[in-house]
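> Pasting in a structure now, in structure tokens, and then I'll have a few things to ask.
Number of protein chains: 4
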Amino acid sequence: MSGSTPRRPRRHDPGRRDRLIDAALTVIRERGVAGTTHREIARTADVPLGSMTYHFASLDEVLAEAFTRHAALVARVFDERLSAARDRDAAVEAVISLVSDDLLGSQHDLVLSVELYVAAARNPALRAVTQAWMARSRQALERHFDATTARELDALIEGLVLHSALSTDPMTPGQIRHAIYRYLS
Amino acid sequence: MSGSTPRRPRRHDPGRRDRLIDAALTVIRERGVAGTTHREIARTADVPLGSMTYHFASLDEVLAEAFTRHAALVARVFDERLSAARDRDAAVEAVISLVSDDLLGSQHDLVLSVELYVAAARNPALRAVTQAWMARSRQALERHFDATTARELDALIEGLVLHSALSTDPMTPGQIRHAIYRYLS
Amino acid sequence: MSGSTPRRPRRHDPGRRDRLIDAALTVIRERGVAGTTHREIARTADVPLGSMTYHFASLDEVLAEAFTRHAALVARVFDERLSAARDRDAAVEAVISLVSDDLLGSQHDLVLSVELYVAAARNPALRAVTQAWMARSRQALERHFDATTARELDALIEGLVLHSALSTDPMTPGQIRHAIYRYLS
Amino acid sequence: MSGSTPRRPRRHDPGRRDRLIDAALTVIRERGVAGTTHREIARTADVPLGSMTYHFASLDEVLAEAFTRHAALVARVFDERLSAARDRDAAVEAVISLVSDDLLGSQHDLVLSVELYVAAARNPALRAVTQAWMARSRQALERHFDATTARELDALIEGLVLHSALSTDPMTPGQIRHAIYRYLS
DNA sequence: AATGAATGAGTATTCATTCAT
DNA sequence: TATGAATGAATACTCATTCAT
């Protein structure tokens, strides 16, 4: 308990707030929102507890910042994949690889997203984050698909990801491709 | 301090365990898994705190029982809707009404389901519950659709429900119908 | 810090709530309301911290109970002194000895009373306690004096006590007697 | 996070220490000594937190300065009222109007005074302030009354003020006048 | 001369769980 | 069989004060 902690003389530390947000994302991934506490984040970032409440007014603020960052990262991938597609066929491929490679590839972010959904159900501040995020991914899809299709496709992607996230036998890339093709055919 | 507590003389109370599970579901719905505590459940069921640990070995046991019951209720609706369908067309209508009426109709159970998904991500005992549930709804769909279609359809349903649950403008029944038709066409 | 605390195996302890209220009064006397914390009270009563919040919903509740008890004790002395007086002269003597002996005699209760006054200025629950107490002491005085005199006398008593409490040279019994005589002459 | 904080470019600011003392008095009035913190004072004065410990060695120093200023203000009113009185009758009127108008007129200073009394009970530095203050108001009274009368009158004033401060039905000016007349008759 | 950042001790409160009756 | 009392670990958050810039 004691003796193992090396001295930690780090008075001047610009960018600490930033590192704390990253640490929060790590903790949410590993322990869930329910297991995300000031202490756990501080420990993960190797920072004294008091530092948390210096940089953030409340734990909710930390969560909101963390999820905002997560949503921005995922949304960027969406944008990049879809803006790189030159025609509809390429867009379909982009969606498939988005789900197979980006979303399901990293167990990590997948759990994060689901955590965010649930947290948003109780926390209005977080709900704003999810909604902005949903809107942004829909817009990315609308580069290539009409509004109705974009919306439905977005829901299908959500379902495929969630299902795979929770299943013992998640869908293979081939199965993902099949489902999306079928819908978009 | 006195006078406000109504008498509660219920020493012999068969079925109390049962009522506690229902109370747990109520609390999960209203406060989320994170806000579900022995105390809150006991208060909701109007039962002394000590009664909780008398009937359940741990809070996790309570959660598992509660979610098992919830899953059974939802699965039953799935079964009933789909077994009532005489042909594929009727099955398609059944799926549509399942989503529009049963799942989205009651905000209640919708939140409950998402809560379960996330809780399952951390808790192996709960994961078994979700998986049994997923398997069962897939089976119900397989009465009318081939295995691949059933699986994909199940994911689509999930996505539509989740999306609507979190959106400020949830899909209308007409939009739900459109999405499912399109997929099954 | 450790090693000096003897085992404290006291699971069954009826009357604990009561002892906690007394402990709270002790702490208020010694440390002031500002220095009265759950921890300090628990330590004084030699009881685990968790016990405090088991018996009281909040620290304010503890304060209210403690001051209510204090007020009741002081009011009782008032009642006894004054009801023992057979005529007006005896009543005057009773008031004098009340101030000199009972109120100023014990530095203890004197500080307690002033603490209560200030706490009441911010805390409506405590204000109710002070007001009930004021009313009661006025009633006791009204056994022997008309309403106006009772009220004014009550204020004079307050002033004499407060002044003496804070002064480096508090009034002697003779001076107290002189002041009261002069007013009642 | 941004945009809401108005610019505050006040590097050179003589008289800041002074403004901080006034801000402290404001905070004590509104939140009590218990609620008076570096942060609250800095916020009230619209000054960075670090400025507090730059100008004052400790919070106690701030309190002492604040109360000293408060006592000086009240004492000045005492002096002015009483030095304006040309004879004993005028002095009696002066005392009455002191209590009715100056002390009870402004709820403000009334609470402040009582706060000071209690704080003084625990804090020797503050006790010196109250005692100097008491001495000074007694001196003012001694311009017109003998030493014993001055002392007793001072206590009566204290009692009338405290009583009125805490009562739901504070004394009317007429009642104040009656009490003081009776004592001085 | 002045301040934003940092920190560690402390606060009220919640809670799962244990235990004596 | 049932329960009120008890407990210790944990939680979010506050704050006086120190320090590097």
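Here the protein sequences come in this chain order: X, P, C and G.
No gaps in the numbering here: position 174 of the first sequence is 174 in the working numbering, and each next residue is one more.
With the second sequence counted from 1, adding 185 to any position gets you the working numbering.
With the third sequence counted from 1, adding 370 to any position gets you the working numbering.
With the fourth sequence counted from 1, adding 555 to any position gets you the working numbering.
Glycine included, each C-beta is placed from N, C-alpha and C at the ideal position.
(1) List, in chain order, every chain P residue whose beta-carbon is nearer than 9 Å to that of Val77 of chain X.
(2) Is there a Cβ from chain P that is less than 7 Å from the Cβ of Gly174 of chain X?
(3) Could you tell me whether the Cβ atoms of Arg572 of chain G and His625 of chain G are closer together than 7 Å?
(4) Within the same chain, show all residues whose beta-carbon is closer than 7 Å to that of Ile583 of chain G, passing over the 5 residues directly before and after it, in chain order.
(5) Please report the distance separating the alpha-carbon of Asp274 of chain P from that of Leu369 of chain P.
(6) Using a Cβ-Cβ cutoff of less than 8 Å, which residues in the same chain neighbour Val684 of chain G once the five nearest sequence positions on both sides are dropped?
(7) Is any beta-carbon of chain C found at less than 7 Å from that of Thr591 of chain G?
(8) Can you list, in chain order, the residues of the segment 306-319 of chain P whose Cβ is nearer than 9 Å to any Cβ on chain X?
(9) Residues of the segment 508-524 of chain C with a CB closer than 8 Å to any CB of chain G: list them in chain order, please.
(10) In chain order, which continuous runs of the alpha helix (DSSP H) of length 4 or greater are located wholly inside the segment 285-326 of chain P?
(11) Starting from His178 of chain X, find everything on chain P with Cβ-Cβ shorter than 9 Å and list it in chain order.
(12) Of all the CB atoms in chain G, is at least one closer than 7 Å to the CB of Glu602 of chain C?
(13) Could you list the residues in the segment 156-168 of chain X with a C-beta less than 9 Å from some C-beta on chain P, going in chain order?
(14) Give me the chain G residues within the contact set of Glu463 of chain C, using Cβ-Cβ distance strictly less than 9 Å, ordered along the chain.
(15) Taking buried to mean at least 16 other C-beta atoms within 10 Å of its own C-beta, is Asp12 of chain X buried or exposed?
(16) Looking at Ala321 of chain C: is its Cβ nearer than 7 Å to the Cβ of Asp449 of chain C?
(17) Applying a beta-carbon distance threshold of less than 8 Å, which residues of chain X neighbour Glu300 of chain P?
(18) Helix, strand or coil, according to DSSP, for Ser722 of chain G in the structure here?
(19) Whole angstroms are fine: how far does the CA of Val218 of chain P sit from the CA of Leu295 of chain P?
(20) So is Arg641 of chain G buried or exposed if we call it buried at 16+ other beta carbons inside 10 Å?
(21) Applying a beta-carbon distance threshold of less than 8 Å, which residues of chain X neighbour Gly217 of chain P?
(22) Can you tell me which of the three DSSP states Thr581 of chain G falls into?
(23) Apart from the five residues just before and just after His699 of chain G, which ones in its own chain have a Cβ nearer than 7 Å to its Cβ?
(24) Which complete alpha helix (DSSP H) runs does the segment 384-441 of chain C hold, if anything under 4 residues is left out?
(25) Output yes if chain X places a C-beta closer than 7 Å to the C-beta of Tyr366 of chain P; else output no.
(26) Establish whether the CB of Val111 of chain X and some CB of chain P are separated by less than 7 Å.
(27) By a C-beta neighbour count over all protein chains shown, 10 Å radius and 16 as the cutoff for buried, is Glu152 of chain X buried or exposed?
(28) Going by C-alpha to C-alpha distance, which of C:Glu512, C:Leu468 and C:Ala495 sits closest to Leu530 of chain C?
(29) Compute the Euclidean distance between the alpha carbons of Arg677 of chain G and Ile411 of chain C, then round it to the nearest angstrom.
(30) So Met504 of chain C packs on Ser722 of chain G, CB below 8 Å; how close in whole Å?
(31) What's the gap between the Cα of Ile361 of chain P and the Cα of Val280 of chain P?
(32) Which class does Phe633 of chain G belong to by DSSP, given the choice of helix, strand or coil?
Concretely, from the data shown:
(1) Numbered from its first residue, the first sequence carries residue 77 of chain X at position 77. Correct list: empty, because the minimum Cβ distance to chain P is about 19 Å.
(2) Start at 1 with the first residue of the first sequence, and residue 174 of chain X comes out as number 174. So no, Gly174 of chain X is outside the interface.
(3) Here residue 572 of chain G is taken as the residue at index 17 of the fourth sequence, counted from 1. Here residue 625 of chain G is taken as the residue at index 70 of the fourth sequence, counted from 1. No, they are not a contact pair.
(4) If you number the fourth sequence from 1, residue 583 of chain G lands on position 28. Around Ile583 of chain G: Thr591, Ala621, Leu667 and Glu670.
(5) For the purposes of this step, residue 274 of chain P is taken as residue 89 along the second sequence, with counting starting at 1. For the purposes of this step, residue 369 of chain P is taken as residue 184 along the second sequence, with counting starting at 1. Approximately 10 Å, taken between the alpha carbons.
(6) Here residue 684 of chain G is taken as the residue at index 129 of the fourth sequence, counted from 1. Here the set comprises Ala619, Phe622, Thr623, Ala626, Leu671 and Ala675.
(7) Residue 591 of chain G sits at position 36 when you count from the first residue of the fourth sequence. Using a CB distance cut-off of 7 Å, Thr591 of chain G does not count as an interface residue toward chain C.
(8) Here the close residues are Ala306, Arg307, Arg312, Thr315, Gln316 and Met319.
(9) Thr518, Arg521, Glu522 and Asp524
(10) Considered as a whole, the segment 285-326 of chain P harbours 292-307 as its complete alpha helix (DSSP H) runs of no fewer than 4 residues, in chain order.
(11) One-based indexing of the first sequence puts residue 178 of chain X at position 178. Within 9 Å Cβ-Cβ: Thr333 and Glu337.
(12) Within the shown structure, residues of chain C are numbered from 371 to 555, placing residue 602 of chain C beyond reach of any answer.
(13) Leu156, Ile157, Glu158, Gly159, Leu160, Val161, Leu162, His163, Ser164, Ala165, Leu166, Ser167 and Thr168
(14) Your numbering for residue 463 of chain C matches position 93 in the third sequence. Ordered by position in chain G, no residue passes the 9 Å Cβ test against Glu463 of chain C, which lies about 18 Å from the chain.
(15) Locating residue 12 of chain X in the first sequence gives position 12, where the first residue counts as 1. Looking at the sequence provided, one finds His at residue 12 of chain X rather than Asp. Looking at its Cβ environment, which holds fewer than 16 other Cβ atoms inside 10 Å, His12 of chain X is exposed.
(16) Because chain C is modelled from 371 through 555, residue 321 of chain C falls outside the range shown and cannot be assessed.
(17) Start at 1 with the first residue of the second sequence, and residue 300 of chain P comes out as number 115. Going along chain X in sequence order, the residues near Glu300 of chain P (Cβ under 8 Å) are Val118 and Ala121.
(18) Counting from 1 along the fourth sequence, the entry for residue 722 of chain G is found at position 167. DSSP, read as helix, strand or coil, puts Ser722 of chain G in coil.
(19) On the second sequence, residue 295 of chain P is found 110 positions in, with the first residue counted as 1. On the second sequence, residue 218 of chain P is found 33 positions in, with the first residue counted as 1. Take the alpha-carbon of Leu295 of chain P and the one of Val218 of chain P: they are about 14 Å apart.
(20) Here the question's residue 641 of chain G lines up with position 86 in the fourth sequence. Answer is exposed; the Cβ neighbour count stays below 16.
(21) If you number the second sequence from 1, residue 217 of chain P lands on position 32. For Gly217 of chain P, the chain X residues whose Cβ falls inside 8 Å of its Cβ are Val118, Ala121 and Arg122, in order along the chain.
(22) The count along the fourth sequence starts at 1 and reaches residue 581 of chain G at position 26. Here Thr581 of chain G sits in helix by DSSP.
(23) Sequence index remark: in the fourth sequence, residue 699 of chain G carries index 144 (1-based). Counting only Cβ-Cβ distances below 7 Å, and skipping sequence neighbours, we find Leu637, Ala640, Arg643 and Ala646.
(24) 386-401, 408-415 and 419-425, all fully within the segment 384-441 of chain C.
(25) Taking the second sequence and counting its residues from 1, one reaches residue 366 of chain P at position 181. Not closer than 7 Å to any Cβ of chain X, the Cβ of Tyr366 of chain P fails to qualify, so no.
(26) Translated into positions along the first sequence, residue 111 of chain X becomes position 111. For Val111 of chain X, the answer is yes, since a Cβ of chain P falls inside 7 Å of its Cβ.
(27) As a working note, residue 152 of chain X is residue 152 in the first sequence. Classification of Glu152 of chain X: buried, given that the 10 Å Cβ count is 16 or more.
(28) Position 160 of the third sequence, counted from the first residue, corresponds to residue 530 of chain C. Comparing Cα-Cα distances from Leu530 of chain C to each of C:Glu512, C:Leu468 and C:Ala495, the minimum goes to C:Leu468.
(29) As a working mapping, residue 677 of chain G is identified with position 122 in the fourth sequence. As a working mapping, residue 411 of chain C is identified with position 41 in the third sequence. So the alpha carbons of these two residues sit roughly 18 Å apart.
(30) To locate residue 504 of chain C, count along the third sequence from 1; it is residue 134. To locate residue 722 of chain G, count along the fourth sequence from 1; it is residue 167. Indeed, because the Cβ distance is near 7 Å, the residues count as touching under 8 Å.
(31) Here residue 361 of chain P refers to the residue found at position 176 of the second sequence. Here residue 280 of chain P refers to the residue found at position 95 of the second sequence. Cα to Cα, the separation comes out at about 10 Å.
(32) As a working mapping, residue 633 of chain G is identified with position 78 in the fourth sequence. Helix at Phe633 of chain G.
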